[in-house]
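Novice:
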Amino acid sequence: MEANATIIKEGAPLDCVHVMHMGWACRYNIMKDGKRQISAFLLPGDVCESTPMHGTLIDYSVCTLTPSLVKPISIEGPLGFAQPFDQMQSILSGSLLEQRLLRAWLANVGRRNAYNRVAWLICELHVRLSILGLADETGFDCPLTQEVIADAVGLTSVHVNRVMKQFRNENLFSFRSGRVAFVGVEKIRKLCGFDPAYLHLDLAQHIKTTPTRRPQLSDCP
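Going by this note's numbering, the final residue of the sequence shown carries number 357, and the count climbs one at a time with no gaps.
Below, the structure written as structure tokens:
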């Protein structure tokens, strides 16, 4: 799929789940005033649907942020038990992890100041991408624009730009040309109070591990 393509449209019935194999996507809602609130960033191995309940109407939308490889998996029954047990176990475990992520996001947007909201999001993405082998202590490639980050943390893009400059001036990290470059990631975690325990890294590692061939960019249509 190309960037900015719709994977799931709000109001559609759920008859399958979509698994990210490559690329970035986001789950979001559009407010009455036209503003977008992003509630999750979806990375390889993530299930796009927050709760795999067959036949329910979906109350959010999902779109790609980059060229992506997305696999639909048909489900039957309330929890999709027509699928092989190991596959459904992974989907349900992913759903459990998703609920933990959502609670952490609510706390981040609702109780942290602008500086810590952005820092916390960067720290979370760093840990999640590290599990996938897509980040190290020096940083990670990040396709998000400041507008997209703003939609995820409940700020304006102007405010996010101001905070990013502050991080750079404080010699914590820079975000340029699609790359987050850390000076000291542990210092950033301490400043914003980031604790990765809610990510349950052992569970996340199990969910992300698959025996299949690693997708390539050439696989994208």
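By construction, the Cβ of each residue, glycine as well, lies at the ideal position given by its N, Cα and C atoms. All values reported here derive from a predicted model rather than from experimental measurement.
Looking at the structure shown, is residue 239 part of a helix, part of a strand, or coil, going by DSSP?
Specialist: Looking at residue 239 - three-state DSSP - the assignment turns out to be helix.
Novice: Using a 10 Å radius around the Cβ and a threshold of 16 neighbouring Cβ atoms, would you call residue 286 buried or exposed?
Specialist: Label assigned to residue 286: buried.
Novice: Using 8 Å as the cut-off, can you tell me whether the stretch 237–254 makes contact with the stretch 284–299, which would need three or more C-beta pairs spanning the two stretches below that distance?
Specialist: In short, these stretches touch, since the Cβ pair count reaches three.
Novice: Between residue 273 and residue 154, what straight-line distance do the alpha-carbon atoms span, to the nearest angstrom?
Specialist: Straight-line Cα distance between these residues: approximately 31 Å.
Novice: Out of 137, 157, 143, 144, which one is the CA nearest neighbour of residue 268?
Specialist: For the residues 137, 157, 143, 144, the minimum Cα distance to residue 268 belongs to 157.
Novice: Who are the near neighbours of residue 160 in its chain, counting only those whose CB is closer than 8 Å to its CB and skipping five residues on each side?
Specialist: Here the set comprises 177, 178, 179, 200, 201, 202, 204, 279, 280.
Novice: For residue 327, tell me which candidate among 206, 175, 253 has the shortest Cα-Cα distance.
Specialist: That would be 253, whose Cα lies nearest to the Cα of residue 327.
Novice: Whose C-alpha, out of 255, 151, 240, 284, is nearest the C-alpha of residue 126?
Specialist: It is not possible to answer for residue 126, since the shown part of the chain is limited to 137 through 357.
Novice: Kindly provide the ranges of any beta strand (DSSP E) runs that are 3 or more residues long and lie completely inside the stretch 265–332, ordered along the chain.
Specialist: The stretch 265–332 contains these whole beta strand (DSSP E) runs: 275–277, 309–312, 315–318.
Novice: Please list, in chain order, all residues of the same chain as residue 172 whose beta carbon is under 6 Å from its beta carbon, the five residues on each side excluded.
Specialist: So the list reads 164, 166, 287, once near-sequence residues are dropped.
Novice: Going by the beta-carbon positions, is the gap between residue 324 and residue 311 smaller than 9 Å?
Specialist: Result no, Cβ atoms of residue 324 and residue 311 do not sit closer than 9 Å.
Novice: Hey, would you say residue 318 sits closer than 9 Å to residue 262, going by beta carbons?
Specialist: It is a contact, given that the beta carbons lie within the stated cut-off.
Novice: Rounded to a whole number of angstroms, what is the C-alpha to C-alpha distance between residue 193 and residue 271?
Specialist: In a straight line, the C-alpha of residue 193 is about 36 Å away from that of residue 271.
Novice: Give me whichever residues DSSP pairs with residue 149 in a beta bridge.
Specialist: The partner list for residue 149 (beta bridge, DSSP) reads 193.
Novice: Please name the residue, chosen from 186, 334, 152, 275, that lies closest to residue 175 on a Cα-to-Cα basis.
Specialist: Checked all of 186, 334, 152, 275; the closest Cα to residue 175 is 186.
Novice: How close, in whole Å, do the beta carbons of residue 275 and residue 239 come, if the pair is a contact with beta carbons under 8 Å?
Specialist: That belief does not hold up - the Cβ atoms of residue 275 and residue 239 are roughly 27 Å apart, past 8 Å.
Novice: Tell me the rounded alpha-carbon separation between residue 221 and residue 329.
Specialist: Residue placement at residue 221 cannot be trusted, given a pLDDT of 46 that sits under 50; what the coordinates show is reported in the next sentence. Approximately 38 Å, taken between the alpha carbons.
Novice: How about residue 267: is its Cβ closer than 8 Å to a heavy atom in the ligand GDP?
Specialist: Looking for the ligand GDP in the displayed structure turns up nothing, as the structure carries no ligands at all.
Novice: Can you tell me where the beta strand (DSSP E) with residue 211 in it begins and where it stops?
Specialist: That residue, residue 211, is in no beta strand (DSSP E); it is neither H nor E in DSSP.
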